[in-house]
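To start, the structure under review is shown below, and the notes come after it.
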Amino acid sequence: MTTEPAQPPVGPVAPPSPATAAPAAESSAVARRAGLVGVGILLSRFLGAVRDVVIAATFAVGLTDAFFMAFTIPNALRVLFGEGAASGAFVPVLTEAREKEGTERAATVFGGLVRVMVPVLGVVTVLGVLLAGPLVYAYASGFDPQRFDLTVQMTRWVFPYIFLMGVAALVTAALHSRKSFTAPALSPALLNVALVLACLLMVPLLDSLGLPTWYALASGVLVGGALQVLAQWPTLRRLGFGLTAAGSHRDPYVRKAMRLLLPLLASLGVYQLNVIFARQFASHLGRGPVSWLWYAQRLVEIPQGMFALAIASAALPSLSEIVSRGDREEALALFRATLRMTLFVAIPSTVALGALALPIVAVLFGRGEFSPSDVQETAYGLVFQAAGIWAVASVRTVVPMFHAHNDTSTQVAASATNLVVFAALSWLLMDSMRHAGLTLAISLAALAQLGVLLALLRRRTGRLGLGRVVGAAARMGVASAVMGVLLIALTASRPWLSDALAPTQLGLLGAAVVLGGLVYLGVAHVLGVEEASTFTHGVLRRVRRRR
1 MTTEPAQPPV
11 GPVAPPSPAT
21 AAPAAESSAV
31 ARRAGLVGVG
41 ILLSRFLGAV
51 RDVVIAATFA
61 VGLTDAFFMA
71 FTIPNALRVL
81 FGEGAASGAF
91 VPVLTEAREK
101 EGTERAATVF
111 GGLVRVMVPV
121 LGVVTVLGVL
131 LAGPLVYAYA
141 SGFDPQRFDL
151 TVQMTRWVFP
161 YIFLMGVAAL
171 VTAALHSRKS
181 FTAPALSPAL
191 LNVALVLACL
201 LMVPLLDSLG
211 LPTWYALASG
221 VLVGGALQVL
231 AQWPTLRRLG
241 FGLTAAGSHR
251 DPYVRKAMRL
261 LLPLLASLGV
271 YQLNVIFARQ
281 FASHLGRGPV
291 SWLWYAQRLV
301 EIPQGMFALA
311 IASAALPSLS
321 EIVSRGDREE
331 ALALFRATLR
341 MTLFVAIPST
351 VALGALALPI
361 VAVLFGRGEF
371 SPSDVQETAY
381 GLVFQAAGIW
391 AVASVRTVVP
401 MFHAHNDTST
411 QVAASATNLV
421 VFAALSWLLM
431 DSMRHAGLTL
441 AISLAALAQL
451 GVLLALLRRR
461 TGRLGLGRVV
471 GAAARMGVAS
481 AVMGVLLIAL
491 TASRPWLSDA
501 LAPTQLGLLG
511 AAVVLGGLVY
521 LGVAHVLGVE
531 EASTFTHGVL
541 RRVRRRR
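In case it helps, the working numbering puts the sequence shown at residues 1 to 547.
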C-alpha cells in the first residue's frame, strides 16, 4: 500500500488531468443520485418498520408465521427481480441502445422487453396460484397442519403481487437507464402504506363481520403492488417510454437482455434462496422462529437498502456508460469510490445494529401480541445477521461492475459458493444456536461470496488497486468499534424488556444513535477517512445555504 507524502509539494499545483477529474466528477454525481435513492429507500424502510410494528401488535406470532411464509416467494422474487436482476440486465442494454442509436430506439427495445416479460410474469403468477400447496411444502414443511393450510390460502392470495412487481421492475429499469431516480425510489413506500392502512382500517371491519382478519394483509399487498406501478407511470410516459410501445422479442437488444437476465437470476437468487432455506429450517424449530427471522431481516435490510442498494443503483448507469467507452481506468476509479462510500456507512451500521439489537427490537416490536421472549429471540438472531451487513453491502457494490461489462454469468460461481457455505453452516450451527445459527450462516456465506467475486473481478479487469480501500476500511472499523463501545455502555443496563416505551428509554435510544453517529464521524475524521470529511463539509455547506 502506498503512502501519501508528509508535506505538500512546493510550487504551483497543476490542475487535475481529465483522467483524474472525470472519475471524481462522476463519483460525485453517483453520490448525489445515491443520496436521492437513499432518501426514497429510507422512507420505504421507515414505513416498512411502521408496517412491521403494526403487524406485530395486531396479529399473534402463529398467524404472522403463516403470512411471512406465504409472502416468502413473492417477496423473494420482488427483491431478486425488482432490486437486482431487472436493473442488472436491462439498464446496461437500454443505456447501450440509447447511447448508440438514440432515445426512440431505446423506447422500442423497452417495448420488446415488455412483450417478452409480461407473458412470462403472467405464467409464473398462474402457476404459483395453482401450485401453492407444493410450493409451501417446499419451504414450510415443518408447520403443523393448521398453519400449513393457512399459509397455502395466503399464498394463493398474495402470489399475483409477483406480476405487479415484475411490471414495476421493468418500469424502474427504464427510468434508471435515463438516470431518473425519484419515482423509482419513492414508489416502494406505497406497499408499506397500503399494508398499514389495510391493518388499521380493514381488520376491525373484517373482525366485526366474522371474516378472517388476514384478508387485510393480502389485500394490502395487492393494492400496494398496483400503486407502485401507477406511481411511476407519469415519469415513464414523460421520458418517451410506454408499456404498449412497439417492439419485438426478436430485437437483438432484447435477446441480449434475456441472455444477461437468466444467469443473473441464478446468481442474485442465491441470497433469496438462503432466506427461503433459512425459513424452511426455522419451520422445524416450533412456533416463532419464522417471525423472529423476518423481523431481524427487515431491520438488516434498512442499512442494506438505504446505502448499498442506493449506491449500486446510482452507479450502474455511469459504469455502463464508462465501460461502453472502453475506459478501464475510469471504471475502476469509480468502482473504488463507490466501494468506499458503501463501506463508510455499512461498517458502522454493522456495529451499531449489533450493539443496539435488544433496545431497537424492544422499542419497535415489544408490545401487543409480541412478547418479551419474542423480543429477546429476535434480537439474538439480529446480532448475527447484522454482522454480515458490510459483506452483503460490498457484494451489491461489486456486482454492478460485472453488469456494466454485460457479464452476468461469471459471478454464478461466487453465488454457488454462497449457497454451499450457507447450507453447510446451517446444518452445523442450527442445533446449538437455533435460528441465530441460520442468521450467522447467512452472514458468513456472504463473506465467502465477496471473496470469490473480488477474485473473479480481478481476473477480468486486472489489478483492482484496493490497497487504499482496505486501509480506509480498517480506519472505519476502528471508528466503528469506538462507537460500539459507547453504545453498549449507554444502553446495556437499561430495562428494555419491561419499560421499552418509557419516554426516558426512547430518549436514551435516540440520543445514543445520534451520539454514536457523531462519535463515529469524529473518530473517522481524526483517523483521516476522506468520506468523513466529505460528508461533514457537505452537511455544513447545506446548513450555510439555508441561513
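We put the beta carbon where it would ideally sit given N, CA and C, even for glycine.
Since the structure is predicted, the reported quantities are computational estimates derived from the model, not experimental observations.
Check whether residue i and residue j have beta carbons under 8 angstroms apart
| i | j | result |
| --- | --- | --- |
| residue 445 | residue 418 | yes |
| residue 364 | residue 386 | no |
| residue 66 | residue 182 | no |
| residue 44 | residue 140 | no |
| residue 61 | residue 287 | yes |
| residue 110 | residue 247 | yes |
| residue 175 | residue 232 | yes |
| residue 404 | residue 486 | no |
| residue 312 | residue 396 | yes |
| residue 155 | residue 130 | no |
| residue 276 | residue 477 | no |
| residue 257 | residue 107 | no |
| residue 461 | residue 328 | yes |
| residue 413 | residue 456 | yes |
| residue 77 | residue 165 | yes |
| residue 389 | residue 300 | yes |
| residue 103 | residue 317 | no |
| residue 391 | residue 453 | no |
| residue 406 | residue 264 | no |
| residue 497 | residue 398 | no |
| residue 340 | residue 513 | no |
Status (buried if at least 16 other CB within 10 Å, exposed otherwise) for residue i
| i | result |
| --- | --- |
| residue 207 | exposed |
| residue 214 | buried |
| residue 1 | Bear in mind that the predicted position of residue 1 carries a pLDDT of just 39, short of 50, making it unreliable; the figure below should be weighed with that in mind. Residue 1 is exposed by the Cβ-count criterion. |
| residue 101 | exposed |
| residue 480 | buried |
| residue 321 | buried |
| residue 126 | exposed |
| residue 146 | exposed |
| residue 427 | exposed |
| residue 235 | buried |
| residue 459 | exposed |
| residue 47 | buried |
Where residue i sits in the DSSP three-state scheme
| i | result |
| --- | --- |
| residue 287 | coil |
| residue 184 | helix |
| residue 100 | helix |
| residue 529 | coil |
| residue 250 | coil |
| residue 490 | helix |
| residue 233 | helix |
| residue 406 | coil |
| residue 537 | helix |
| residue 609 | Nothing can be reported for residue 609: it is not among the residues displayed for the chain, which extend from 1 to 547. |
| residue 240 | coil |
| residue 427 | helix |
| residue 548 | Any answer about residue 548 is impossible in this case: the structure gives the chain only from 1 up to 547. |
| residue 296 | helix |
| residue 260 | helix |
| residue 465 | coil |
| residue 214 | coil |
| residue 105 | helix |
| residue 518 | helix |
| residue 228 | helix |
| residue 548 | Because the chain is modelled from 1 through 547, residue 548 falls outside the range shown and cannot be assessed. |
| residue 396 | helix |
| residue 495 | coil |
| residue 411 | coil |
| residue 438 | helix |
Whole-angstrom C-beta distance between residue j and residue i, which should lie under 8 angstroms
| i | j | result |
| --- | --- | --- |
| residue 224 | residue 170 | Going by Cβ atoms, the distance from residue 224 to residue 170 rounds to 17 angstroms, so no, they are not a contact pair. |
| residue 381 | residue 285 | Actually they are not in contact, since the Cβ atoms of residue 381 and residue 285 sit about 11 angstroms apart, beyond 8 angstroms. |
| residue 355 | residue 484 | 5 angstroms |
| residue 283 | residue 143 | 5 angstroms |
| residue 475 | residue 515 | The pair is not a contact, with the Cβ atoms about 20 angstroms apart (cut-off 8 angstroms). |
| residue 491 | residue 509 | 7 angstroms |
| residue 350 | residue 296 | Not quite, the Cβ-Cβ distance comes to about 14 angstroms (not below 8 angstroms), so this is no contact. |
| residue 368 | residue 58 | 7 angstroms |
| residue 439 | residue 370 | Not really, about 18 angstroms apart at Cβ, beyond 8 angstroms. |
| residue 167 | residue 229 | 5 angstroms |
| residue 325 | residue 466 | Not confirmed; about 23 angstroms, so no contact. |
| residue 243 | residue 114 | 5 angstroms |
| residue 291 | residue 71 | So it is not a contact: roughly 12 angstroms between Cβ atoms. |
(message) Which runs of the alpha helix (DSSP H) at least 4 residues long sit entirely within the region 320 to 393? Give them in chain order.
(response) 328 to 355, 357 to 365 and 372 to 386
(request) Could you name each continuous alpha helix (DSSP H) segment of 4 residues or more that falls completely within the region 145 to 212, going from the start of the chain to the end? (result) 145 to 158, 161 to 177, 182 to 186, 189 to 197 and 203 to 209
(request) Report the residue ranges of all alpha helix (DSSP H) runs contained in full by the region 32 to 79; include only those spanning at least 4 residues, in chain order. (result) 61 to 70 and 72 to 77
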